[in-house]
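A short worksheet on the structure shown next.
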Amino acid sequence: MTLLDENRLFDAEPKARGLAQALYAGIKDLPLVSPHGHTEPRWYAENEKFPDPAQLLIVPDHYVFRMLFSQGIRLEDLGVPTADGSAVETDGRTIWRLFAKNYYLFRGTPTRSWLDHTFATLFGVTERLSETNADAVYDQIAERLGRDDYRPRALFERFNLEVISTTDAALDDLKWHRMIKGSGWKGRVIPAYRPDSVVDPDFAGFAANLDKLGEITGEDTGHWNGYLEAHRKRRAYFKQFGATSSDHGHPTAETANLLPKEAGQLYDKVRTGKAEPRERALFRAQMLTEMARMSIDDGLVLQIHPGAWRNHSPAMLSKFGRDKGFDIPSRTDYVGALKPLLDAVGTDPRLSIILFTLDESVYARELAPLAGVYPSLKLGPPWWFHDSPEGMRRFREMATETAGFYNTVGFNDDTRAFPSIPARHDVARRVDCAFLARLVTEHRLDEDEAHEVAKDLAYNLVRKAYKL
Amino acid sequence: MTLLDENRLFDAEPKARGLAQALYAGIKDLPLVSPHGHTEPRWYAENEKFPDPAQLLIVPDHYVFRMLFSQGIRLEDLGVPTADGSAVETDGRTIWRLFAKNYYLFRGTPTRSWLDHTFATLFGVTERLSETNADAVYDQIAERLGRDDYRPRALFERFNLEVISTTDAALDDLKWHRMIKGSGWKGRVIPAYRPDSVVDPDFAGFAANLDKLGEITGEDTGHWNGYLEAHRKRRAYFKQFGATSSDHGHPTAETANLLPKEAGQLYDKVRTGKAEPRERALFRAQMLTEMARMSIDDGLVLQIHPGAWRNHSPAMLSKFGRDKGFDIPSRTDYVGALKPLLDAVGTDPRLSIILFTLDESVYARELAPLAGVYPSLKLGPPWWFHDSPEGMRRFREMATETAGFYNTVGFNDDTRAFPSIPARHDVARRVDCAFLARLVTEHRLDEDEAHEVAKDLAYNLVRKAYKL
Amino acid sequence: MTLLDENRLFDAEPKARGLAQALYAGIKDLPLVSPHGHTEPRWYAENEKFPDPAQLLIVPDHYVFRMLFSQGIRLEDLGVPTADGSAVETDGRTIWRLFAKNYYLFRGTPTRSWLDHTFATLFGVTERLSETNADAVYDQIAERLGRDDYRPRALFERFNLEVISTTDAALDDLKWHRMIKGSGWKGRVIPAYRPDSVVDPDFAGFAANLDKLGEITGEDTGHWNGYLEAHRKRRAYFKQFGATSSDHGHPTAETANLLPKEAGQLYDKVRTGKAEPRERALFRAQMLTEMARMSIDDGLVLQIHPGAWRNHSPAMLSKFGRDKGFDIPSRTDYVGALKPLLDAVGTDPRLSIILFTLDESVYARELAPLAGVYPSLKLGPPWWFHDSPEGMRRFREMATETAGFYNTVGFNDDTRAFPSIPARHDVARRVDCAFLARLVTEHRLDEDEAHEVAKDLAYNLVRKAYKL
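Residue numbers (full-length UniProt numbering), protein chains in the order written: chain A, 1 to 468; chain B, 1 to 468; chain C, 1 to 468.
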């Protein structure tokens, strides 16, 4: 028994499979370009060994523990730290056994395929994880994690990563990025500008954050113009470390285009905590348009990741904190929401906005028609819950006919699960090859074109779209 | 020509088909578990012969007559009784001929496949129904219906039903269920608690129903606490007859979690007919949360079937009454709607809620993410308009990657068309086997696992989820 | 290398492909029936030669230039005329070269397949268009366009068009249609009644249009009853030229059913420009119901094309005018929106309404359930962005199980790109045959039935639904 079949994710029909194989052969060894994700720059800076298998693969991965929690397993028993510091399981092997016993719950999920891929290619595991072999697999992974060639930089190189972007708070001093740069190591790790803490009035400590933004930049953030200038300076600072993009994760895709005077007055209200919820949302909306304007000037690509209802369960938030699997997608409008921004700057070919969604019903109805005409808009790959074989297939089926391939931007792994990065890119490459193979067998695309498109989807488009 | 091909609903590609056959062979003879449906307990209690073919298969089946009506055939001509008692066709053979002549309208629909399955396996019909053979088929079915081994209990046994749940009004005395229990017959027929008439202020006779609820239970339903206690007693009464679930068919999935004092005041308003529409909706919403609390105590599984716009045509409602094919799905929100209930009790692993939908756009966006983290939530199978091969396929494709298989609950036939029950389960089993076969041929699941999952989907999950 | 494979759009699996081939062979030569579209009656009336390749195939086709614009190519460089008359490229060959160089952008889109089909079958092109062969292809097409057998009437006959409907403003004098009729040519070209300019209070010149409507018809459009009577007369006038349908492209599917007195008062308000936005929308809604009532009397089939957010970019509208690729779909409700109309006349079997959508999420949830019960409702084919292989496949997969095939109306090409008409019908026929072939290989439909349905979808249903 082998954990990974060489034809996984390819159609069983022999002609389609043969074509998918040929297409995949042409791209499987291309370097990985990771333009958006959440790995820690500290890892590459310090280059410390990763901790035990459970701390690496289970405890920090919300895909993993949310599924187990949904089946009645306590997060404490999975080692997920509590906000109040109350006790949780700390023994890696104990956590691992609980996980292994319940590994069947992941059947049919991408998590299962990412883990199998990681087990097989990174740790040399040859058998499907189960209660029976839990200890043996744990030992094997633990042994590898103890080796120098499993340190972060070694993995970066082993993964054939050409470049990876982290996601960094606007107020971050980027010290780990500085340390990487100064280290002499050749791995390309760049930051991305994520200004939630200073553009979202609902963010904890918003007012204090604005003060800090002023201090760092030497701008007077007590006024709208100084505030905008402070953003410009931070963006320039991020660019010094190689940043090519900003990232914005608002609850909706709402944008606004207020007159400068109105925007200034609104800023005064949110800054002093006097704004109503509607005004706070309006401020976030206005800031997307401001960021777009700055993008035109400084060239940072603007990513919008809207539509997650964060921390849906207040009880879980207070007990375990953020990012614990309780972020739920919600219906997201783009056509009306983006209009103010698009009216302002949407036909400027210097602007580049990459749109993501957690609401697949918009692919064919909204996103493809918008990206299929506005030169500033491109479509990000299927995101989060939709970063999966079926999700990717639906994306291509629903977006391609209106937006084409060339208004999409290749793959994002978008993960903090560092070991899973090759697996995730591999899934995307295979699904795209399978999709292209279907187009060829149905005579909707010529074979030579399919080879070209496969390469574009795996490598060229992401570099172009993210200016990497 | 044979009416049923043994490979129906399996992919034509030989490897996938071979696998589907093997998976299906392992489960096709498993008993049917029918945890939710609308057959009449009276049938099993009295065990009378079913009437003529038209009265059995056409007149009561809204799937059948709605399609014919959509093509301009009058419901009167199909024997559908009028509310005002005006004349309708009563001759079974005349109705049958009209139906047979128009049987082609059902091409590509599940109704066609259920009927063909019923014709072939239950009545020994070997030819496709048409105008030409209408009389012969009618005679053949009529002859069988006259036999003792076609009485309800005999069919129950022939269908290999392990258990069937009916759906019963809160005020029902369950006399048919008592009669079944007292009859010595071994068939397991259980009720489900459906309290619409006493939780929905818009229900005809709501105030009188509350009075009756008080009488039956000996509780003072003139007050909130007595009203809740009356529900508890009725639920306990239903449990005596084997009930393991309650069922709730609100227009939306809205829930609320008012303070007891607020809830009591709201109850007084709805009870006395003084509530505004918004308040009546809020009361329904509050009652879902109350029912969830009671579920934690008494263990009844809570089913929510939201999103049908009932009786869309007032003219048809007044002429023919309820359930005449004029219930239309509507867009349904879950993420915000369920939050009050989930905030109150959603992470309690003792609670079990099964969610249904008529809005497929929520599978990947809302339902799978919710069920994939909240231990109280499971996903019911594709419902009503989506209880069909394509509907089931979409459900698996859209829900599995985030919720897995183990947050789903197997199949519900949800029908009052008793003869169609084996057909419906067979479709579900075949479609699931075909889906699993695809996962295996694409190397996304191992073959031994697929066999296990097939058995879980056909038999184990429903028994576990419904505590049967 | 050949531009068109004879098996395009058929499944690669040999059994399914063989069946699709057989089904297609039975229908491929059936005449084209084009019940709704936007070709110019003037073309058939004057029968002038078409201009150069770029002016025929690129400059007027928003599918083509919107994709190029989305990739940063200026509309001016594609020869798209400006509203202010500022200069644009006029040299056909220069435009063509720019297009040819970027032809790869259309990979995977229906535009690509329509163009390839047109190039191959109409102009004898044998190689895929590219920068290299741009001039040669241009010359070849230009040469053909210079021939008499490429004039509009000759193409009409070559395309095997049985009938084509244009779409004509209510105030149009139909002079081209008169000229066609008077010419002795046998081609059947009919108008359709599109009254936007006199039912939409937001239409430019609405008040003046109402005056003109009065003049033309001799009715007093200063009052509600005269206004309605004027519509009746115009509809009768259109019928004289063969019209069998009206067409309505409102922003939403909203309908209303006001009392005559209320409607009259509302009319006075919109007529005199005193209506609020909500009232203007209400007037449009009311007019759909009025048109339905007239349909019952005069038999014109009522088409509703809702849900396009027209001219999403005001800057592009002011620079280039309407229909420049900036119409974006939006979420569209039908269940509530159509209720007033349906309550008024929806169960009248004399009424025939054909519903279209740009929001695919409604196929299974709203449109199929509505059309599957209301005798007045039929489903139009996938429209605009969804007029594509994947779009058509999804339509059949999502609508058929509830609405069947016989509540659908065959294909609409809905285009002003005259040369693409055969390509568009061919795609629809092939996709339907592939879908039917899948049903047969999965034993969900008998082969003899599939042949019958294929013919119905390609030819019979459209003639019946549109009374052609």
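Cβ atoms here follow ideal geometry from the backbone N, Cα and C, with glycine treated the same way.
Every value quoted in this text rests on a predicted model; they were computed, and no experiment measured them.
Under 8 Å, with one C-beta from each stretch per pair, do the region 98-113 of chain C and the region 340-355 of chain C reach the 3-pair mark? no
Can you tell me whether S113/C is buried or exposed, with buried defined as 16 or more other CB within 10 angstroms of its CB? buried
Considering only the alpha carbon of each residue, which of F156/B, V198/B and Y150/B lies closest to A169/B? V198/B
Alpha carbon to alpha carbon, how far is D247/C from P382/A? Give it in angstroms, no decimals. 37 Å
Quick one: what's D168/C bridged to in DSSP? Y193/C
V163/B and I190/B - do their beta-carbons sit closer together than 8 Å? yes
Contacting positions in the region 331-357 of chain A - beta carbon closer than 8 Å to chain E: Structure shown: chain E not included; protein chains present are A, B and C.
Listed by chain order, chain C residues near P369/A by CB distance under 7 Å: I328, P329 and F385
Inspect the CB distances between the region 379-398 of chain B and the region 74-93 of chain A and report whether three or more fall short of 8 Å. no
What would DSSP say about E447/A, mapped onto helix, strand or coil? helix
Nearest candidate by alpha-carbon position, reference S130/B, set S420/B, A208/B, R107/B and A454/B: R107/B
Between T255/C and L341/C, which are expected to be in contact by the criterion C-beta below 8 Å, what is the C-beta distance as a whole number of angstroms? 4 Å
Where does M1/C land, buried or exposed, given buried means 16+ other C-beta within 10 angstroms? Per-residue confidence for M1/C stands at a pLDDT of 49, beneath the threshold of 50, marking its modelled position as unreliable; the derived number appears in the next sentence. Exposed, since its Cβ has fewer than 16 Cβ neighbours within 10 Å.
Using DSSP with H/G/I as helix, E/B as strand and the rest coil, what is T109/A? coil
Where in the region 71-115 of chain A do unbroken runs of the alpha helix (DSSP H), each at least 4 residues long, occur, reported from the N-terminal end onward? 92-101
How big is the Cα-Cα spacing for G72/C and F411/A? 22 Å
Have a look at D202/C and G372/A and give me their C-alpha separation to the nearest angstrom. 27 Å
Do I141/C and A454/C have their CB atoms nearer than 8 Å? no
Range covered by the beta strand (DSSP E) that runs through L32/B: L32 to S34
Tell me the rounded alpha-carbon separation between A417/B and N133/B. 23 Å
Output the distance between the C-alpha atoms of A253/A and M287/A, rounded to the nearest integer angstrom. 11 Å
With a threshold of 8 Å between beta carbons, is H451/B in contact with chain A? no
Per-residue contacts from E48/A into chain B (C-beta, under 9 Å): Per Cβ cutoff of 9 Å: no residues; E48/A is ~31 Å from chain B at best.
Inter-residue CB distance, L23/B and A450/B (contact presumed, cutoff 8 Å): 6 Å
Which residue from R463/A, L461/A and E442/A puts its Cα closest to that of P14/C? E442/A
Limits of the beta strand (DSSP E) - the one that I353/A falls within: I353 to L355
Residue-chain proximity (V373/B, chain A), Cβ-Cβ < 8 Å: yes
Got a sec? Which residues, its chain only, sit under 6 Å from R310/C by beta carbon, not counting five neighbours each side? D327
Taking the alpha-carbon of residue 492/B as reference, which of M294/B, P260/B and G273/B has the nearest alpha-carbon? In the structure as shown, chain B begins at 1 and stops at 468. Residue 492/B is therefore absent and cannot be evaluated.
So who's on the other strand from V301/B, going by DSSP bridges? S245/B
Listed by chain order, chain B residues near F405/C by CB distance under 7 Å: R107 and G108
Nearest-angstrom Cα separation, counted from A458/B out to F99/B: 33 Å
Considering just the uninterrupted stretch of the beta strand (DSSP E) at L317/C, what are its terminal residues? Unbroken run through L317/C is the alpha helix (DSSP H), P314 to F320; no beta strand (DSSP E).
For R97/B, which residues from the same chain have a beta carbon less than 6 Å from its beta carbon, with the 5 sequence-adjacent residues on both sides left out? A134
Reducing DSSP to helix, strand and coil, say where K455/C ends up. helix
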